[in-house]
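Step one of this worksheet: look at the structure below.
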Amino acid sequence: MSANAHGEATPRWLRWALPAAVFIGTLLAWELLVRARDIPHYILPAPSLICSTLAANFGSLAQAWWVTIKITFGALLLAAAGGVLLAGVFSLSRTFELALVPYAVVLQVTPIVAIAPLILIYVDSTTAALLICAWIVAFFPILSNTVIGLRAADPNLRDLFRLYRATPWQRLRWLLLPSALPYFVAGLKISGGLALIGAVVAEFAAGAAGRETGLASRILEASFRTDMPRMYAALVLVAATGVAIYLLFNLLSWALLGRWHATERSD
Amino acid sequence: MSSAIRLNGVSRRFARGVQALDGVDLEIGAGDFVALLGPSGCGKTTVLRLLAGLDAADAGTVVVGYGNKPPVLSYVFQDATLMPWASVFDNVWLPLRITGVSPAAARERIARVLQAVGLADFVQALPHELSGGMRMRVSIARALVTQPDVLLLDEPFAALDEITRQRLNGDLLDLWGRNRFTCVFVTHSVFEAVFLAQRVAVMSARPGRIVADLAIDAPARRTAAWRIEPRYLELCRAASAALESGFAERAP
């Protein structure tokens with residue numbers, strides 16, 4: 016149970032009900048405003064029209080959504096594998112770390128919209144190029160968090176492993192990896208959202224058209240035709256996907272750490 | 003009696019010139035219970051780390067163990083130092099797991115040692131579900147599960163409340179009486195040192211060395227009654243005086 020600034024407990028149902036009430040209220044106000052002022056749908060479509068557009072175009076939008084999902088999670092998987100592997104190498108070799116960290120930082124701080132056109136030129140397959148772009152933005156939080164996590168093991172526990180003459184493998188498995196897990200999960204939560212942003216932004220830069228394209232292409236197409244309801248429908252899907260990814264990783268974090276780690280415990 | 007621990011002229015200087023130890027001489031017989039008493043920062047922990055092989059002396063010799071077999075060492079830290087993600091069972095299992103004891107044999111030894119420290123009902127509990135005193139009991143169980151020849155304790159009860167501390171003192175003496183490991187107990191509490199140990203080695207302020215070595219002639223079986231005996235208070239006074247003079251000697 017959490018307490019607010021005044022020390023009173025917030026009932027659990029209120030934590031769901033409050034944002035839900037704001038959401039429904041906003042939609043209602045939007046709908047009423049559009050109807051009362053007779054705003055044309057090519058300027059601002061009403062929520063009801065966005066819903067019906069979403070339903071009418073569900074086939075093509077779902078197909079695009081699936082492409083975006085594949086790129087997002089593909090990039091995330093590669094980012095997790097690469098980040099953990101590289102963090103492991105860094106923890107074993109300070110030389111590697113000194114040599115490579117600056118490049119990881121350069122990759123991180125350069126805006127992906129600026130790199131994406133280059134990658135699209137050099138890589139033949141658009142899907143591969145999109146995957147690389149999404150991977151670049153998702154990679155760094157996992158790497159830097161895991162590096163910190165591998166160093167976060169209790170120094171006394173490290174001494175204990177030395178005292179009992181543990182092998183490096185035993186130390187990694189029973190001490191360093193469990194100590195790093197909360198940090199890795201925190202990195203994964205950030206990267207989940209970033210991978211989606213990377214996938215969408217890169218597709219905007221690609222401006223790709225055709226069958227095997229994602230939600231960003233649907234938004235671009237709709238904008239060329241000033242089909243505002245369709246733009247909004249695709250946008251709703253992107254936002255909903257982002258929220259779903261956020262909830263998914265919160266759930267994962269709770270499942271992995273809920274029993275023991277302070278960030279997930281309620282007491 | 004053969005000595006289990008021998009320090010001869012041991013010095014240790016850290017980076018940036020801090021001299022932690024300066025010519026420490028100490029001999030401890032096998033099966034003895036010795037308290038290392040000194041003010042904070044006098045190098046008591048450094049002595050334990052040297053004994054455990056976690057640090058190396060700059061000068062002098064450190065010998066731990068006797069005979070041909072390398073001694074089994076255990077270390078109890080100031081904090082319980084448990085793995086927060088692992089159950090009581092898994093925490094106590096750790097040293098056996100590292101040293102490759104078969105799971106069947108380990109299970110039996112863990113059950114026995116958890117029984118001995120009074121935690122038989124908390125096998126599957128996680129550290130955060132236990133009180134500070136119980137966590138320290140887990141830490142002691144983890145140290146004893148390897149059946150050590152030498153048990154090193156670094157102010158293990160300093161963070162606990164007085165009642166818990168006195169109970170754990172009594173329990174530690176029971177465990178020592180039953181298993182007769184060599185015990186080096188670091189503390190800054192005169193009362194704790196005199197209550198527990200057969201001998202109290204008093205250290206000076208930094209750079210630390212041994213300034214007094216008091217034999218504690220107490221009843222074989224010490225109970226709470228020992229704390230109120232005239233002899234106990236007399237020895238506490240002597241240890242305090244030695245601590246005071248060791249402090250004055252080094253002060254500028």
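From first to last, the protein sequence lines are chains A and B. Okay, so the first sequence: first residue is 16 according to my numbering, each after it adds one. Okay, so the second sequence: first residue is 3 according to my numbering, each after it adds one. Cβ atoms here follow ideal geometry from the backbone N, Cα and C, with glycine treated the same way.
{"Query": "How big is the Cα-Cα spacing for A107 (chain B) and R182 (chain B)?", "Result": "22 angstroms"}
{"Query": "Strictly by DSSP, which residues pair up with I75 (chain B)?", "Result": "Per the sequence shown, residue 75 (chain B) should be read as Leu rather than Ile. L75 (chain B) is bridged to B:V152."}
{"Query": "Starting from the Cα of S247 (chain B), find the closest Cα among B:V213, B:A227, B:I142, B:Q126 and give me that residue.", "Result": "B:V213"}
{"Query": "What is the rounded straight-line gap between the Cα of L145 (chain A) and the Cα of F176 (chain A)?", "Result": "44 angstroms"}
{"Query": "Give, in chain order, every unbroken run of the alpha helix (DSSP H) that is at least 4 residues long and sits entirely within the region 24–111 of chain B.", "Result": "46–54, 90–100"}
{"Query": "Excluding five sequence neighbours on each side, which residues of the same chain lie with their C-beta closer than 6 angstroms to the C-beta of P60 (chain A)?", "Result": "M243, P244, Y247"}
{"Query": "Please report how far the alpha carbon of A195 (chain B) lies from the alpha carbon of S242 (chain B), in whole angstroms.", "Result": "11 angstroms"}
{"Query": "Under the rule that 16 or more other beta-carbon atoms within 10 Å means buried, what is F111 (chain A), buried or exposed?", "Result": "exposed"}
{"Query": "Could you tell me whether any Cβ in chain B is nearer than 9 angstroms to the Cβ of H276 (chain A)?", "Result": "yes"}
{"Query": "Measure from the alpha carbon of G31 (chain B) to the alpha carbon of each residue in B:V115, B:R169, B:A199, then state which is nearest.", "Result": "B:A199"}
{"Query": "Mapping the DSSP letters down to three states, classify L128 (chain B) as helix, strand or coil.", "Result": "coil"}
{"Query": "List the residues of chain A whose Cβ lies closer than 7 angstroms to the Cβ of T263 (chain B), in chain order.", "Result": "This structure does not reach residue 263 (chain B), given that chain B is present from 3 up to 254, and the question cannot be answered."}
{"Query": "Along chain B, in chain order, which residues have C-beta atoms closer than 9 angstroms to that of P193 (chain A)?", "Result": "M85, P86, W87, A88"}
{"Query": "If you pair each beta-carbon of the region 55–66 of chain B with each one of the region 9–24 of chain B, do three or more pairs fall below 8 angstroms?", "Result": "yes"}
{"Query": "F79 (chain B) touches chain A at which residues, Cβ-Cβ below 7 angstroms?", "Result": "N171"}
{"Query": "State yes or no: is the C-beta of L250 (chain A) within less than 9 angstroms of the C-beta of T83 (chain A)?", "Result": "no"}
{"Query": "Which one of B:R18, B:V188, B:G120 has the shortest CA to CA distance from L153 (chain B)?", "Result": "B:V188"}
{"Query": "Have a look at E279 (chain A) and Y261 (chain A) and give me their C-alpha separation to the nearest angstrom.", "Result": "15 angstroms"}
{"Query": "Using the Cα positions of S191 (chain B) and A160 (chain B), report the straight-line distance between them to the nearest angstrom.", "Result": "9 angstroms"}
{"Query": "Nearest CA to the CA of L209 (chain A): which residue from A:P170, A:V253, A:A195?", "Result": "A:V253"}
{"Query": "May I have the straight-line CA-CA distance separating P197 (chain A) from R188 (chain A), to the nearest angstrom?", "Result": "15 angstroms"}
{"Query": "Buried or exposed for W31 (chain A), going by 16 or more other Cβ atoms inside 10 Å?", "Result": "exposed"}
{"Query": "Ignoring anything shorter than 4 residues, give me the alpha helix (DSSP H) runs that lie fully in the region 131–210 of chain B, in order along the chain.", "Result": "134–146, 164–181, 192–198"}
{"Query": "Please determine whether the Cβ atom of Q126 (chain B) lies at a distance below 8 angstroms from any heavy atom of the ligand COA.", "Result": "The ligand COA is not part of the structure shown, which contains no ligands of any sort."}
{"Query": "Out of B:S5, B:F16, B:A6, B:Q21, point me to the one whose CA is closest to S206 (chain B)'s CA.", "Result": "B:Q21"}
{"Query": "Quick one: which residues of the region 185–197 of chain B get their C-beta closer than 8 angstroms to a C-beta of chain A? List them in chain order.", "Result": "none"}
{"Query": "Verify the CB distance criterion: does T48 (chain B) have a CB-CB separation below 9 angstroms to chain A?", "Result": "no"}
{"Query": "Provide the residue(s) that pair with I212 (chain B) in DSSP beta bridges, ordered along the chain.", "Result": "B:M205"}
{"Query": "Consult DSSP for G222 (chain A) and reduce its assignment to one of helix, strand or coil.", "Result": "coil"}
{"Query": "Please confirm if P55 (chain A) has its CB atom under 9 angstroms from at least one CB of chain B.", "Result": "no"}
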